[in-house]
Amino acid sequence: MHLRFQANGSGFELILAGHLVLRHSLDCPAVTAARGQPAVQMVRGNFRIDDSPCDAVTPRNWRRDGDQIMLLDGESAVAVLGFGAEGLTVTANDPAHDRLWVRFHADPGETVWGGGEQLSYLALNGRRFPMWTSEPGVGRDKTTALTRLMDEAGMAGGDYWTTNYPQPTFLTSRWLAVHCRATCYSVLDFTDPAHHQVEVWSGAARFDMFAAADPCDLVGQLSAHFGRPRALPDWIIAGAVLGLKQGEASFARLDRFVEAGTAVAALWCEDWAGIRQTSFGRRLFWDWTWNRARYPDLPARIAGLHARGIRFMAYANPYLAVDGTLYGEAEAGGHLCLRQDSHAPYLVDFGEFDCGVIDFTRADTREWFATRILVREMLDLGIDGWMADFGEYLPTDVRLASGIDAMEAHNLWPVLWAEVNDRALALRGRQGDAVFFMRAGFSGVSRHCPLLWAGDQSVDFTRHDGLGTVITAALSAGLVGNAFSHSDCGGYTSLHGNVRSVELMQRWCECAAFAPVMRSHEGNRPDDNLQYDSTPELLACFARWSRVHAHLAPYTRQLCDEAVAAGLPAQRPTFLHYPDQRELYALQDQYLYGADLLVAPVIEAGALARQVVLPGHRPWRHVWTQRDFGPGAITIEAPIGQPPVFYRPDSGYAALYDGLREIVAQ
115 MHLRFQANGS
125 GFELILAGHL
135 VLRHSLDCPA
145 VTAARGQPAV
155 QMVRGNFRID
165 DSPCDAVTPR
175 NWRRDGDQIM
185 LLDGESAVAV
195 LGFGAEGLTV
205 TANDPAHDRL
215 WVRFHADPGE
225 TVWGGGEQLS
235 YLALNGRRFP
245 MWTSEPGVGR
255 DKTTALTRLM
265 DEAGMAGGDY
275 WTTNYPQPTF
285 LTSRWLAVHC
295 RATCYSVLDF
305 TDPAHHQVEV
315 WSGAARFDMF
325 AAADPCDLVG
335 QLSAHFGRPR
345 ALPDWIIAGA
355 VLGLKQGEAS
365 FARLDRFVEA
375 GTAVAALWCE
385 DWAGIRQTSF
395 GRRLFWDWTW
405 NRARYPDLPA
415 RIAGLHARGI
425 RFMAYANPYL
435 AVDGTLYGEA
445 EAGGHLCLRQ
455 DSHAPYLVDF
465 GEFDCGVIDF
475 TRADTREWFA
485 TRILVREMLD
495 LGIDGWMADF
505 GEYLPTDVRL
515 ASGIDAMEAH
525 NLWPVLWAEV
535 NDRALALRGR
545 QGDAVFFMRA
555 GFSGVSRHCP
565 LLWAGDQSVD
575 FTRHDGLGTV
585 ITAALSAGLV
595 GNAFSHSDCG
605 GYTSLHGNVR
615 SVELMQRWCE
625 CAAFAPVMRS
635 HEGNRPDDNL
645 QYDSTPELLA
655 CFARWSRVHA
665 HLAPYTRQLC
675 DEAVAAGLPA
685 QRPTFLHYPD
695 QRELYALQDQ
705 YLYGADLLVA
715 PVIEAGALAR
725 QVVLPGHRPW
735 RHVWTQRDFG
745 PGAITIEAPI
755 GQPPVFYRPD
765 SGYAALYDGL
775 REIVAQ
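Its first residue numbered 115, the sequence shown is counted upward by one per residue in my numbering.
Here's what the structure looks like:
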């Protein structure tokens with residue numbers, strides 16, 4: 115779409131598809147330029163980034179020359195705007211200016227979404243969101259004791275905006291979207307209702323713009339722009355991925371799950387490469403080779419699982435422990451990031467062990483990691499997929515082979531990591547069959563990564579780091595091009611006495627069953643926490659909801675097809691299909707699973723009922739009682755085992771949904 119220029123008194127406007135997107139005037143200038151003075155600190159993937167910009171200039175005068183507009187401070191050129199079919203470019207005239215603030219028009223009451231995968235807020239109004247991939251933190255709420263404790267221990271508490279997967283893209287309720295192409299540090303700032311401000315740590319920025327008649331079309335355009343996903347394979351949607359990490363004993367535990375009636379798609383053993391015990395908990399040994407002591411006959415075990423129709427999944431990340439076998443090979447091959455002051459590898463402390471960082475800016479290194487590790491050590495062993503973990507830790511003071519500054523490369527790192535994993539699948543012709551899943555991301559990761567997971571939630575119901583955040587994560591990521599998301603069923607992070615409860619385990623199952631992939635995790639402290647095979651009650655719970663998930667596979671297959679064809683995510687904000695109902699715009703604790711199912715998981719401890727907003731103008735049918743409710747806000751009973759789930763009575767899948775009652779009653 116072409117941006118159109120329009121003079122307006124002493125200023126000007128840029129129009130997209132009839133919508134005002136940028137206005138410049140004497141009293142409301144569109145751009146500010148300055149020189150930055152950054153301070154960046156990292157501790158184990160947690161960052162503190164500050165800036166003291168100086169020499170700021172806000173130009174008020176302007177002069178147009180074709181498709182370019184010179185912004186002037188008096189007669190001095192400050193910045194140049196370029197506009198047209200390619201969107202908007204903003205370039206500072208002074209090479210010393212490496213900060214830009216660009217202000218886009220906001221209508222009164224306009225709602226804004228986006229920012230990549232956000233965990234705390236779906237609607238972004240009234241807040242600012244730095245775009246920087248990092249550890250999200252533990253607690254993520256500065257008012258809580260847990261967050262304060264974690265902040266004292268290495269800045270690890272996080273905040274409402276910290277995320278593994280930021281993306282400088284925002285959508286508005288005028289069904290417009292703006293995407294900043296920069297990979298550097300940037301900030302989406304919606305604190306002023308008069309404009310949507312994007313801060314870019316660069317002297318040049320490019321913005322892609324999109325307009326649509328409705329949100330489904332807008333989301334589809336963004337999905338096409340960033341890269342449509344491949345459909346998930348049948349096997350991973352037809353049962354649960356069972357996460358166990360107890361070495362050879364994992365196979366006997368798997369048998370107990372099967373005997374309990376669990377629909378098992380895959381056994382996921384992230385400890386296939388070994389373990390390392392630290393004060394944080396049981397960590398993995400970061401050397402991506404089969405650990406024969408822990409799994410004595412893994413190839414035969416994998417073949418046996420395949421004969422039973424069960425896949426085997428593993429784990430890898432883009433770092434190598436200095437005490438592992440692959441580190442020396444990587445160093446000799448020039449595959450590691452280097453220190454600025456020497457030719458020595460840059461080492462990162464990941465919590466009581468040091469690792470080298472793979473330099474993915476080097477094409478030979480990307481091919482080496484894909485071929486030498488992911489293909490030869492994993493796919494050729496029979497492994498069917500893996501957690502492609504991390505990607506957020508690239509330090510800002512490393513020396514990279516390509517010469518790119520690490521501040522520019524940091525956000526790009528997860529995309530390169532996804533590309534390497536996808537390349538490995540392509541080398542063995544297993545794209546669309548083997549599946550890797552990631553937590554880290556940035557613009558364009560959807561082109562390579564088939565599946566997200568929501569990261570390392572605390573094992574609780576807390577507002578900013580508990581069960582509810584996995585819903586917000588899926589909905590926000592889905593709006594900017596990522597069709598498929600899921601979570602660690604049961605949560606992950608257990609610290610300072612925070613451990614799983616039976617209720618949390620049950621409620622997480624109810625939520626996880628209504629996602630494209632259902633996968634359990636034993637957490638960082640498995641010995642201190644309940645597991646799904648700790649008691650007969652929990653084993654039966656997981657088995658029951660795995661069968662619910664498997665029962666929905668025909669419907670999930672349709673959602674996969676819709677994602678490929680139209681770019682629509684499987685889990686959708688309620689407003690996506692009901693854009694005329696403004697009361698839905700900030701709703702983030704319920705979702706549409708496709709267009710026909712509405713799911714409202716219970717995400718508060720002790721709750722046995724909850725409010726649900728049933729959209730549209732026709733009633734919805736309650737799965738468990740077969741009663742019709744709504745439309746509008748209702749309060750519905752939600753005992754454990756009956757989370758609020760509703761469907762369209764006229765859906766072609768109504769008979770499938772009716773079958774859920776019998777499964778849950780078993």
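Positions of the beta carbon are idealized from the N, C-alpha and C atoms, including for glycine.
Counting along the chain, residue 724 sits inside no alpha helix (DSSP H); it lies in the beta strand (DSSP E) bounded by residues 723-728. In this chain, the beta strand (DSSP E) harbouring residue 303 covers 300-303. Spanning the alpha carbons of residue 407 and residue 631 requires a straight line of approximately 31 Å.
Of the other Cβ atoms in all chains shown, 16 or more fall within 10 Å of the Cβ of residue 368; this residue is therefore buried. With contacts defined by Cβ atoms closer than 8 Å, residue 307 and residue 244 do not form a contacting pair. For the pair residue 416 and residue 380, the CB atoms are not nearer than the 8 Å cut-off. If you draw a straight line from the Cα of residue 194 to the Cα of residue 354, it comes to about 54 Å. In this structure, residue 233 lies away from residue 687, with their beta-carbon atoms at least 8 Å apart. In the DSSP annotation of this structure, residue 693 is not part of any beta strand (DSSP E), being labelled neither H nor E. Residue 495 and residue 548 do not touch by the CB rule: their CB atoms are close to 12 Å apart, not below 8 Å.
Contact check between the stretch 632-644 and the stretch 376-395: three or more CB pairs, one atom from each, fall below 8 Å, which counts as touching. Where residue 669 is concerned, the enclosing alpha helix (DSSP H) starts and stops at 667-680. Between the stretch 237-256 and the stretch 318-334, the count of C-beta pairs closer than 8 Å stays below three; the two stretches do not touch.
Taking the Cα positions, residue 392 is about 54 Å away from residue 764. Here the C-alpha atom of residue 337 lies approximately 14 Å from the C-alpha atom of residue 685.
Residue 485 sits in a helix when the DSSP states are folded into three classes. Buried is the label assigned to residue 590, since at least 16 other Cβ atoms lie within 10 Å of its Cβ. For residue 460, no pairing in a beta bridge is given by DSSP. Within the same chain, and ignoring the five residues on either side of residue 689 in sequence, the residues whose Cβ sits closer than 6 Å to its Cβ are 698, 699. Close CB contacts of residue 498 within its chain, under the 7 Å cut and outside five residues either way in sequence, are with 380, 425, 426, 427, 548 (chain order). In this structure, DSSP gives residue 405 a state outside helix and strand, which the three-state scheme calls coil. From the listed residues 487, 143, 541, the smallest Cα separation to residue 216 is found for 143. DSSP, reduced to helix, strand and coil, places residue 442 within a helical segment of the structure shown.
Taking a C-beta distance under 8 Å as the contact criterion, residue 520 and residue 512 qualify as a contact pair.
The beta carbon of residue 445 lies closer than 8 Å to those of 459, 470 in the same chain, with the five residues before and after it left out. Rounded to the nearest whole angstrom, the CA to CA distance from residue 182 to residue 118 is 12 Å. Annotated as distal: residue 268 and residue 431, with beta-carbon spacing of 8 Å or more. Distance from the CA atom of residue 752 to the CA atom of residue 735, rounded to whole angstroms, is 15 Å.
Residue 677 counts as buried, since no fewer than 16 other beta carbons sit within 10 angstroms of its beta carbon.
Taking residue 723 as the centre and dropping the five residues before and after it, the same chain places the C-beta of 749, 750, 751, 752 closer than 7 Å to its C-beta, in chain order. For residue 372, the enclosing alpha helix (DSSP H) starts and ends at 363-373. A Cβ-Cβ separation of about 29 Å leaves residue 578 out of contact with residue 213 under the 8 Å criterion. The stretch 167-186 makes no contact with the stretch 270-278: fewer than 3 CB pairs, one atom from each, lie closer than 8 Å. Within a 10 Å sphere around the beta-carbon of residue 122 sit fewer than 16 other beta-carbons, which makes this residue exposed. The C-beta of residue 249 has 16 or more other C-beta atoms within 10 Å across all chains shown, which makes the residue buried. Residue 621 counts as buried, since no fewer than 16 other beta carbons sit within 10 angstroms of its beta carbon.
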